[in-house]
Amino acid sequence: MDKREKAKAYIADAANTLNLKQWTINVSETLPPDDAYADVEASTNLWQATIRLSEDFWKEKPDSQRRIIAHELIHLHYAGVERLVEQLESSLGSIAFDIVNSIWDVESERGADALSFPLAELLPLPEFSEVKNGTKEARKTRKRKA
Ligand SMILES: [Zn+2]
0 MDKREKAKAY
10 IADAANTLNL
20 KQWTINVSET
30 LPPDDAYADV
40 EASTNLWQAT
50 IRLSEDFWKE
60 KPDSQRRIIA
70 HELIHLHYAG
80 VERLVEQLES
90 SLGSIAFDIV
100 NSIWDVESER
110 GADALSFPLA
120 ELLPLPEFSE
130 VKNGTKEARK
140 TRKRKA
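The sequence shown begins at 0 in numbering that gives the first Met the number 0 and counts up one residue at a time.
Below you can see the structure in the form of structure tokens.
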């Protein structure tokens with residue numbers, strides 16, 4: 000089992016723990032945009048989502064990887080709101096969309112970030128890090144997560 004398959008199995012278990020049992024979550028081979036460790040994209044009409052993991056994700060320590068995964072899974076709880084925001088541009092126009100979208104982006108990240116700390120504690124430590132526990136310090140610079 001390669002690291003991506005291990006991550007997919009881990010994410011499926013984590014999704015069960017975080018009450019996302021209805022979702023099927025794939026781990027894409029493509030990279031997330033910008034400087035994100037990871038991102039998640041939900042299907043608009045199916046209980047399916049795709050998580051993309053950056054090269055840097057694999058170099059994070061297990062506890063950091065666990066929190067990143069918790070963060071992405073928390074976003075799935077708000078997939079319906081995300082869809083609502085995306086619909087605003089075609090229905091209300093770009094001014095309304097820009098206002099709501101910019102606030103939604105910040106607030107959904109704040110929520111996912113804050114909740115990822117306590118909720119990650121419910122998950123086991125993953126075993127697909129390329130960094131041995133305690134031998135390398137996690138990167139100090141904090142990346143924006145999608
Ligand atoms: Zn996020």
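Think of the CB as a built atom: it goes at the ideal place given N, C-alpha and C, for glycine as much as any other residue.
Exercise. Per DSSP, what kind of secondary structure is E59 in: helix, strand or coil?
Worked result: E59 falls in the coil class under three-state DSSP.
Exercise. Given 8 Å as the limit, is there contact between the stretch 19-36 and the stretch 84-94, that is, 3 or more CB pairs closer than that?
Worked result: In short, these stretches do not touch, since the Cβ pair count stays below three.
For this session: Decide yes or no for the touch test of the stretch 63-71 against the stretch 10-26: beta carbon pairs closer than 8 Å, at least 3 of them.
Result: The stretch 63-71 makes contact with the stretch 10-26, as at least three CB pairs between them are under 8 Å.
Problem set entry | Own chain partners of A6 with C-beta closer than 6 Å, once the 5 adjacent residues on each side are dropped | Result list for A6: V26 and F127, in chain order.
For this session: Tell whether a beta-carbon distance below 9 Å holds between Y36 and P125.
Result: No, they are not a contact pair.
Exercise. What separation, rounded to the nearest whole angstrom, lies between the Cα atoms of K2 and K60?
Worked result: Using only the alpha carbons, I get a separation of about 14 Å.
For this session: Measure the alpha-carbon distance for S53 versus G92 and round it to whole angstroms.
Result: Counting only the Cα atoms, G92 lies some 33 Å from S53.
Problem set entry | Where T23 falls: helix, strand or coil (DSSP) | In the structure shown, T23 sits in a strand (DSSP, three-state: E or B).
Exercise. Do you know how far the Cα of I102 is from the Cα of E88?
Worked result: Counting only the Cα atoms, I102 lies some 14 Å from E88.
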